[in-house]
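Residues 1 to 263 in full-length UniProt numbering are what the sequence shown lists, from first letter to last.
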Amino acid sequence: MRFFWEVVRRAFRQETTYRLAMWAGLATNLFFGLVRAALLTALLPAGAAVNGMDAAASVTYVALTQAMIAFLRIFGMTDVSKSVYSGQVAMDLLKPTHLYTLWMGRELGKAGFNLWGRGVIFMALFALFHPLVFPGSLGQAGWFLVSLGLSWLVSFSWNFLVNLAAFWTPDARGVARMGFLISGVLSGFYMPLQLMPEWFTRLCYWTPFPSLINTPVEIYLGIVPAGELGVRLGLQLVWFLVLAAASQAVVRLGIRKLVIQGG
Numbered sequence: 001m002r003f004f005w006e007v008v009r010r011a012f013r014q015e016t017t018y019r020l021a022m023w024a025g026l027a028t029n030l031f032f033g034l035v036r037a038a039l040l041t042a043l044l045p046a047g048a049a050v051n052g053m054d055a056a057a058s059v060t061y062v063a064l065t066q067a068m069i070a071f072l073r074i075f076g077m078t079d080v081s082k083s084v085y086s087g088q089v090a091m092d093l094l095k096p097t098h099l100y101t102l103w104m105g106r107e108l109g110k111a112g113f114n115l116w117g118r119g120v121i122f123m124a125l126f127a128l129f130h131p132l133v134f135p136g137s138l139g140q141a142g143w144f145l146v147s148l149g150l151s152w153l154v155s156f157s158w159n160f161l162v163n164l165a166a167f168w169t170p171d172a173r174g175v176a177r178m179g180f181l182i183s184g185v186l187s188g189f190y191m192p193l194q195l196m197p198e199w200f201t202r203l204c205y206w207t208p209f210p211s212l213i214n215t216p217v218e219i220y221l222g223i224v225p226a227g228e229l230g231v232r233l234g235l236q237l238v239w240f241l242v243l244a245a246a247s248q249a250v251v252r253l254g255i256r257k258l259v260i261q262g263g
């Protein structure tokens with residue numbers, strides 16, 4: 001565990017050296033967030049709420065999803081696949097921890113910085129342009145944080161799994177882009193699932209993707225009924241365990257392929 005937390009600490013410190021990139025990312029995020037908020041509110045009937053979402057809740061939904069982009073690596077990551085192509089994965093396999101755990105530590109350090117640098121600060125800046133909705137109680141805020149942590153675990157496991165395509169393909173970027181397109185639609189990143197047809201929403205919940213975005217944001221907004229809260233959180237935990245197990249199984253297959261090829 002000491003090694004894991006040392007990896008987390010170093011990844012966090014590395015992120016703090018790119019402060020200019022953080023501010024540039026915040027500016028870009030803010031611009032697209034304001035555009036998305038304008039488009040989404042334009043779709044809602046004036047002064048009306050759709051499935052519990054009025055204009056203020058919709059704007060807050062946009063703000064939260066934009067704030068979570070860097071924290072959850074919504075647009076995907078290519079670091080693992082690059083390590084396979086460069087041969088760095090061979091050195092990583094010599095470290096005293098599983099490849100999955102090693103990359104979890106690296107990504108957790110980055111996520112910790114981005115939660116503050118591109119999450120909390122972004123929400124404060126966005127609030128200067130639009131009034132935002134806040135959790136109605138400390139309990140609701142607490143469950144949101146629990147769900148947010150679970151969403152990170154699901155997101156990391158999904159991104160890691162997608163990157164493992166590098167063991168079998170000469171360029172995994174196409175796989176990563178396809179993964180982002182699918183997850184963006186089914187997670188509710190582009191459009192809240194509350195505003196989607198019911199049959200489509202049910203279909204989405206057969207996948208892990210609502211656990212990335214939709215579940216934590218709906219808990220934050222208070223849309224999730226109290227009786228359904230445990231089910232939503234449990235579903236997030238189940239998807240994390242499934243994706244984590246799948247990732248480790250695929251890692252074993254990938255390592256076997258490397259050994260067989262003598263690389």
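Backbone N, C-alpha and C fix where the C-beta goes; we use that ideal spot for every residue, glycine too.
Nothing here was measured: the structure is a model prediction, and the numbers come from that model.
Between the options, which lies nearest to residue i when the distance is taken from Cα to Cα?
{"i": "L193", "options": "R118, V217 and G33", "result": "V217"}
{"i": "P208", "options": "A24, M196, W152 and L253", "result": "W152"}
{"i": "S211", "options": "E228, Q236, I182 and A165", "result": "Q236"}
{"i": "L253", "options": "G179, W168, I219 and F240", "result": "W168"}
{"i": "P170", "options": "A111, S81, G179 and T101", "result": "S81"}
What do you get for residue i, buried or exposed, if any count of 16 or more other CB atoms within 10 angstroms of its CB means buried?
{"i": "Q88", "result": "exposed"}
{"i": "W158", "result": "buried"}
{"i": "K95", "result": "exposed"}
{"i": "I182", "result": "exposed"}
{"i": "W143", "result": "buried"}
{"i": "G105", "result": "buried"}
{"i": "E107", "result": "buried"}
{"i": "G109", "result": "buried"}
{"i": "E198", "result": "exposed"}
{"i": "E6", "result": "exposed"}
{"i": "L241", "result": "exposed"}
{"i": "I219", "result": "buried"}
{"i": "F32", "result": "exposed"}
{"i": "V154", "result": "buried"}
{"i": "A57", "result": "buried"}
Mind checking which residues open and close the alpha helix (DSSP H) that includes residue i?
{"i": "G117", "result": "Run containing G117: none; DSSP gives neither H nor E here."}
{"i": "S151", "result": "L138 to N163"}
{"i": "T215", "result": "N214 to L221"}
{"i": "L203", "result": "E198 to C204"}
{"i": "M22", "result": "R19 to L43"}
{"i": "K82", "result": "D79 to S86"}
{"i": "T16", "result": "R2 to T16"}
{"i": "A176", "result": "R173 to L186"}
{"i": "I69", "result": "I69 to L72"}
Between residue i and residue j, is the Cβ-Cβ spacing less than 8 Å?
{"i": "A90", "j": "V59", "result": "no"}
{"i": "F3", "j": "T65", "result": "no"}
{"i": "G179", "j": "G25", "result": "no"}
{"i": "L221", "j": "C204", "result": "no"}
{"i": "residue 268", "j": "L195", "result": "With the chain running from 1 to 263 in the structure shown, residue 268 is simply not present."}
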